[in-house]
Structures are given as C-alpha cells and as structure tokens.
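Take a look at the structure below.
Protein chains: 2
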Amino acid sequence: MAQQHPEPSAARTAPEPAAPTPPRRRSRPTIGDVAALAQVSKATVSFVVNGRAGVSPRARQRVLEAAAALGWQPSAGARALSTRRAQALGLVIRRPPELLSTDPFFPQFVAGVESGLSPLDYALVLQVVETEEAERNAYERLSHDGRADGVFLTDLQLDDRRPALTDRLGLAALIIGPGRPDSPVPAIGADDAEGVRRAVEHLHALGHRRIGHVGGAEGYVHAEARRRAWMTALDDAGLPEGPLEAADFTGAGGARATHQLLDLPDPPTAILYANDLMAIAGIAAATSRGLRVPQDLSVVGFDDIPLAEYIAPPLTTIRQDVIAWGRAAAQQLVSLTQGHPFEAPALPPVEFVVRVSTAPPAS
Amino acid sequence: MAQQHPEPSAARTAPEPAAPTPPRRRSRPTIGDVAALAQVSKATVSFVVNGRAGVSPRARQRVLEAAAALGWQPSAGARALSTRRAQALGLVIRRPPELLSTDPFFPQFVAGVESGLSPLDYALVLQVVETEEAERNAYERLSHDGRADGVFLTDLQLDDRRPALTDRLGLAALIIGPGRPDSPVPAIGADDAEGVRRAVEHLHALGHRRIGHVGGAEGYVHAEARRRAWMTALDDAGLPEGPLEAADFTGAGGARATHQLLDLPDPPTAILYANDLMAIAGIAAATSRGLRVPQDLSVVGFDDIPLAEYIAPPLTTIRQDVIAWGRAAAQQLVSLTQGHPFEAPALPPVEFVVRVSTAPPAS
DNA sequence: CTCAGATTTTAAACCGGTTTGAATGGCGCT
DNA sequence: AGCGCCATTCAAACCGGTTTAAAATCTGAG
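Protein sequences, first through last, are from chains A and B. The opening residue of the first sequence carries number 1 in full-length UniProt numbering; numbering runs sequentially from there. The opening residue of the second sequence carries number 1 in full-length UniProt numbering; numbering runs sequentially from there.
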C-alpha cells in the first residue's frame, strides 16, 4: 500500500518542462454561484434542491431560476462526501472470461439494474475480477472508498464468505439468485424450480420417462437449485431418477456431458440443461453422433438466449425476465441502503417456451 | 429539476415515528486519525501516500505504520473532490435489449476495461439507456456530476453527435471502433478489414466466386466498415460484386436476410455475416430450406462467440481480442484524462478461425 | 404598540482529502 | 557565536456540497 498514485517520475525531477496540462474542463457553476445569483445563502439553495421545508415561495422561485440560468446541478461527489453516501451501488463480477461473454445474464441484469437506478439518481459501479481474493478486495474497496452504498452478490457459492464480509463491513448487500437460509444477507431470485417443474411435466406428457440433466458448475447455488428442482420434479411426476452429469455452464462442458449421457447403456430420451449454452452445444454433440433432435433426443435449455430461437432446431427453454429481476433488485438494494427492512418483491413468473427441440420419444 | 431527492413525505410530516435508521456503517479511519497516531500533520500523511518528495524517512515510516495499524486507505470520494477528478471512467451503453444479451462484445469489453483500470485505481461507472436523448443526458450527467473523468463512445453512428457533445463539455472521450476522420475525438478500434480480407481470400481459395454479405444495422460505423471491407476484398481478389443484404445484427434479421439471398436467381455459394449471431441464425435458415452447410453453402461469422465452436457445424469466423482491446482503450482514456496526447496503441491482430462451416462450393 | 412564537434565513462547521505558504530545525561555514 | 540555506513540517485554505444553531424577520394576540 506504499504509494497509491505513483506519478511518472519526470513530473518531479524536472519542475515543469512540458508537463501535460489536463484538458480544460469547463468549470461548472457551484452552489455558491447559484446562491450569489439568487441573492440567498448556500444553505437556502441546498434546502431548495433537497425539497426541505422552510423556504419561502419567493426564495425558492429565485433559486430555481438562478439554477436554471446557470445550468447548475449539484456535484454528486461533493454531496457524497457530505452525506457519506455515494448514491451508487456496486456490482462485482467474478467469472471466467469464456462464460462472461456468452452468458446472457449479466448484460440483461445490468440493464435492469440501470432502469431501476436511473430514476433514483443512483449510479452503478462495476468491477470485473478474476480471483476470489480480488473479489473480496473489490468489496472492501468499494465500501471504504465510499464508492458504493450497497453491493449485489452474484453467483453465490455454497460456502461463500461474502455475506459475512459485507456484514462485517456494515455494507448493505443483496444476493442475486437463490439465497442460503442462514445468510445474514437477504436474497432476491427468480423461481428456478417452477420453470424446471414445467419442463419436466412437458417432457413427461410427451411420453419421456428417462430425463437426464446436465448441471452447472458445482458449488454454485443456482446450479444446485436447478439440479434439485429437476430431481424433485421427476419425483413428483412419478418418474424414476434420471441420469445426471455435472458440467460447468460452458459449451465445451455441455458437449462433453452430453456425450457422457448418450454413452450410457440406457441413455436418456430427453435432457434438461442448466443453461442454453450447454443445451445448444448438446444439440450439436448429439447431431454429430447421428442423432436427430428432437426425434431421437429432446432437449430443453434454460435462459432463453436470443439465439435459442434461431438455431436448428429452435430450442425449447425456460425463460426468466432478467431485466425485471435486475430492476427489482436495484430498488430493493437502494431501499436497504436507506435502512428500510427487506421486503421480497414479486417477480414476474418464469415462462416455459416450447419450440422445436422437444418431441415424443422415438420408440 | 425541482427537487432531486423527493424523500417519502412521511419523513417530514411526522417528526421521527419509526424512521428507518441507516445501517450503521463502521466509520472508517480518516487521514486525521492516521496523522494523530503517527504524530504528524495531515499534510505529511498526504505527501506520503502520494509519493511526494520532502518527507523524512523517519516520518514516512511512522505514517506507513500508522496507516497499516489503522487499516486506513484514502477515501476516493474526498480525494475526487479535492483534485476535481473522479478517478473513474464512464461507459454508456445504448442498445436494444435483445442485442445486449447476445452480443459478446460488451461483457468482454468491460472485462478488458476493468483489467486496465484496476491497477490504476480507477473505477468504471456504467449506464444503460434506451433512447438517444437519454444517452446524451447520461454523458452530461456523468460530466457535470463529477462522476467520470472520461467516457467511452461505443456504437458510433455515421452522423453521431456525441463527439461534438463531449468536446463541448470538455470531457475526455475515446471512440471504440472505427472512428471518423473528421472527429474531434480519437478512436481506437480493431482492424475489421484485415479479418474480412482473410475470410474472403479463404473462400476464394476454396473456389467460391459468389460471396454474399449480410450486413449489420445501417448507420453504424462498424457495420459500414465491415461492409466496405467485404467489397474491397472481393475487388482485390478479382471477384465480381457479391449480393448484399442489410440486416440488424439480430438473429431474426440474419435469418430473414439469409432467405433473401438464397431466394436470388443466382444465390451466393458463401455468405459472410457481420456477426456470429446472424451467421448462426443463417445456418439454421439455410438448413430449414434443405441446404447443407457447408456442402451447399459456406458460412463465415464475425466475433467468435463461445458458442461458435459448439454449434453444428462449428462456425468459421473472425475473432478479435476484445479483452485486450478494452484494456488498451482504458489505458488510453486514462492517459487522455491526464492531458497526455493520444497515441494509438498496437492491438493484437485479428484472427481468422477456420472451422467446419466453410468448404468448397458444391458444383 | 408590544412581545411571544413561528417562520425564514444565514453564518459557520463539517465531510476527508490536497495543496500552499510560511514556520521550524539542523547543518556547515565564516 | 552568528549566519544562511536547505530539508522538513505543519496550519490553514480549499474542493462543493449538507446541516446545525442562532439570528433575523414576520405573525398575530393582547
């Protein structure tokens, strides 16, 4: 932690040889300028913009006019310093790059968060890290730098230490996805189980009896939730246990797991994948073995990525409204940072989208 | 602009009935605490952490020990206020949601930006907007709120007004992608033309003579660049002009454009798509017409999304190192905000990835 | 016409850093 | 001993807001 901002040494050895001058930022008007123009004190201006009582209509009017004339808006940074709130939330993403670029989740989630945040005048500060240690550092920094008032916790793992960390830091936090019952941090997540149940019922109704599952990366709460939902749904439908192959949410993993399942002595006639990426890779894998989808193998994905509709055959899958989820999460987290108690908001129900990749089993 | 933060009215009508108390943030040590513990002035502490000369080794040592003992790190917000720099960059994304969730570009780009930013202690502030007006507002806010020192300009359009805007705001900016020669804002972009040229040469070498193109959304600079590169490459290879169909980067658009091209009296034997999403949809479209890829139609994409390798047939495509691009862009933009002149950094060359979706033409 | 009480207004302190200009202290030299 | 110089050190001002406590002004009742 020696020195935080090592300047180029030249800047100190020589006084000012040809030191680059920062671009001349048009110096914005300050609250003082507005106050002077409106002939009131800074405090009055502050009261007006914050909607506090105790300002005469005349004064308020003058302030508003002065602010408009100068095009003034309060500096977020200065306000943050005074109020000790950053008016911003933090999102730390730790994912291997190959997952990051295909997973439809984050872009949509971020879009949803933004739509919830912008009316509240909150900003979103993003960090992408690679290691678990960097991730924890990121939360600490976000907190003590005063850059964020609250953080989202995504991709929760079974033995995740982050809830304890944010709790210790006194940092508001919200888990995205299925939470852990004992966690000190509230969770907001879509109901994976419902979608999976619908998928299994659909396959069962088509006549399938051996329904396999290709799971997501082990250790992740949402992967676990989907796996468990699949088992439960099979049981509820009165079907026997199905073959399970754990994978990692990647195309390569999905292909490999598919081959494993199809190599079984009694291979499944339908496979439910923990995400669309693996499902699409699974279709290609099955096709490469000479199987036809859906005639010889039915495939169900999870996510409904935009491509799902445009592959051959179009993918039957489970869709969540991730944007609405992100919006709700943002609103909840802002509310939490303001000290309000957590209230689980209603999320739109998951949809089960039937396309072409599912059909009655061959025999 | 009346009032920025309308508090719930209850907070004022009733004095303090059961007003939610903000969660008790563990109050972090300040520079004053460190100064006191080290028995020096705040100025000395500031000098130490900023690596400025004129501090005795003894004093420096004491400061460092005190800082370590207290676990102190300077508050980014306070520093931003003093130095009038936010130590943060802004990225405003305006894209229709259906593109956002499939495009592999943004997640990777953001990851790259982060990797360039985190060693410099800069943060990334993200905004996702839907309308062009909201987009311009976002830049203004980022600038005058003091939330960002510089911004990235993505998805530049041919008649884009943002360069003029950032110029007027005195806000450092950097265009991501092919720039416009007359722009006041520098651009950093991968060399689309090289990849396209390689693709066309590859198809030509296989024996194709009618090579079509499915373009991206009209009005976008990068779509235009790819289209132009395709035309130029055909010309350079001594091939006749190929059929062109403009689309919009979406799966639906790619499928539709593909049908259009295949409906031509003299359909192309190979199609180059402006992105992988359209290419994959194009493969499905061709397949649904009874054509075999690559025997009856060769397909080349652009992006190399992770799925490209795992569809049937695996997609031949053009790959850019978007992460490296993002990193270089971040470093350049930080450098620009510090008043250094723009220097175009070297980006890794694009790669042309040959898989299975290209083959010699049928006849 | 007075004066208490309510309303409006403001000066000043504060948030946590940076930066300046002056004060302090140690040293070699005459 | 006295002097000048340079290296350290620090008090204070500042960044642009918010908030408190007190001053100023306005009410209306007596």
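Glycine is no exception: its CB is placed at the ideal position from the N, C-alpha and C atoms.
Within chain A, partners of residue i - CB distance below 9 angstroms
i: Glu-114/B; result: Ile-93, Leu-126, Gln-127, Val-128 and Val-129
i: Arg-28/B; result: Ser-143, His-144 and Gly-146
i: Leu-277/B; result: Pro-306, Leu-307 and Tyr-310
Paired residues, beta bridge with residue i - DSSP
i: Ile-176/A; result: Ile-188/A
i: His-213/B; result: Leu-244/B and Leu-272/B
i: Arg-94/A; result: Val-129/A
i: Ala-88/A; result: Ala-123/A
i: Asp-303/B; result: Arg-319/B
i: Gln-157/B; result: Tyr-220/B
i: Ser-298/B; result: Ala-270/B
Limits of the beta strand (DSSP E) - the one that residue i falls within
i: Ile-271/B; result: 270–273
i: Arg-319/A; result: 317–319
i: Leu-153/A; result: 150–153
i: Phe-47/A; result: Note, Phe-47/A: premise wrong, no beta strand (DSSP E); alpha helix (DSSP H) at 42–49.
Proximal chain B residues relative to residue i, where beta-carbon distance stays under 7 angstroms
i: Thr-287/A; result: Ala-312
i: Gly-146/A; result: Ser-75, Ala-76 and Gly-77
i: Ser-101/A; result: Pro-104, Pro-107, Gln-108, Ile-305 and Pro-306
i: Glu-309/A; result: Gly-251
i: Ile-280/A; result: Leu-307, Tyr-310 and Ile-311
i: Ala-255/A; result: Tyr-310
i: Ala-284/A; result: Tyr-310, Ile-311 and Ala-312
First and last residue of the uninterrupted alpha helix (DSSP H) at residue i
i: Phe-105/B; result: 105–117
i: Gln-61/A; result: 57–70
i: Ser-335/B; result: 322–337
i: Glu-309/A; result: Element bounds for Glu-309/A: n/a, residue is neither H nor E.
i: Val-221/A; result: 221–236
i: Val-353/B; result: From DSSP, Val-353/B is part of no alpha helix (DSSP H) but of the beta strand (DSSP E) over 351–353.
i: His-340/A; result: That residue, His-340/A, is in no alpha helix (DSSP H); it is neither H nor E in DSSP.
i: Ala-53/B; result: No alpha helix (DSSP H) holds Ala-53/B; DSSP gives it neither H nor E.
i: Ser-82/A; result: 76–83
i: Ala-38/A; result: 31–38
i: Leu-264/B; result: Per DSSP, Leu-264/B belongs to no alpha helix (DSSP H) and is neither H nor E.
i: Pro-360/A; result: No alpha helix (DSSP H) contains Pro-360/A, which DSSP labels as neither H nor E.
i: Ala-164/A; result: 162–169
Under 7 angstroms from the C-beta of residue i: neighbouring residues of chain A
i: residue 372/B; result: Chain B is shown only over 1 to 363; residue 372/B falls outside these bounds and no answer can be derived.
i: Ala-123/B; result: Val-125 and Arg-147
Pair within 8 angstroms by beta-carbon distance, residue i and residue j
i: Leu-124/A; j: Val-125/B; result: yes
i: Ser-357/B; j: Ser-298/B; result: yes
i: Leu-239/A; j: His-204/A; result: yes
i: Val-293/A; j: Tyr-273/A; result: no
i: Ala-252/B; j: Asp-192/B; result: no
i: Ala-187/B; j: Pro-178/B; result: yes
i: Thr-317/B; j: Asp-304/B; result: yes
i: Pro-313/B; j: Gly-207/B; result: no
i: Gln-157/B; j: Val-214/B; result: no
i: Leu-99/A; j: Phe-302/A; result: no
i: Gly-146/B; j: Ala-76/A; result: yes
i: Ile-283/B; j: Gly-242/B; result: no
i: Val-353/B; j: Gly-112/B; result: no
i: residue 386/A; j: Ala-59/A; result: Chain A is shown from 1 up to 363; residue 386/A falls before or after that span and cannot be answered.
i: Pro-341/A; j: Thr-102/B; result: no
i: Ala-190/B; j: Leu-347/B; result: yes
i: Val-110/B; j: Val-128/A; result: yes
i: Ile-280/A; j: Leu-315/A; result: yes
i: Gly-116/B; j: Ala-330/B; result: yes
Chain-ordered chain B contacts of residue i [CB-CB under 9 angstroms]
i: Leu-81/A; result: Ser-75, Gly-77, Ala-78, Ala-80 and Leu-81
i: Ala-328/A; result: Per Cβ cutoff of 9 angstroms: no residues; Ala-328/A is ~16 angstroms from chain B at best.
Chain-ordered chain B contacts of residue i [CB-CB under 8 angstroms]
i: Ala-86/A; result: Gly-77
*Counting pairs of beta carbons, one from the segment 258–267 of chain B and one from the segment 81–101 of chain B, are three or more of them closer than 8 angstroms?*
Output reads no: the segment 81–101 of chain B does not touch the segment 258–267 of chain B.
*Decide yes or no for the touch test of the segment 127–147 of chain B against the segment 73–92 of chain B: beta carbon pairs closer than 8 angstroms, at least 3 of them.*
yes
*asked:* Taking 8 angstroms as the cut-off, does the segment 152–162 of chain A touch the segment 174–181 of chain A (at least 3 CB pairs, one atom from each stretch)?
replied: As far as the Cβ criterion goes, the segment 174–181 of chain A touches the segment 152–162 of chain A, which means the pair count is three or higher.
*Segment contact, 8 angstroms Cβ cut-off, at least three pairs: the segment 253–261 of chain B with the segment 198–205 of chain B*: No, the segment 253–261 of chain B does not touch the segment 198–205 of chain B.
*Are there three or more Cβ pairs, one per stretch, closer than 8 angstroms when the segment 323–335 of chain B is compared with the segment 302–310 of chain B?*
no
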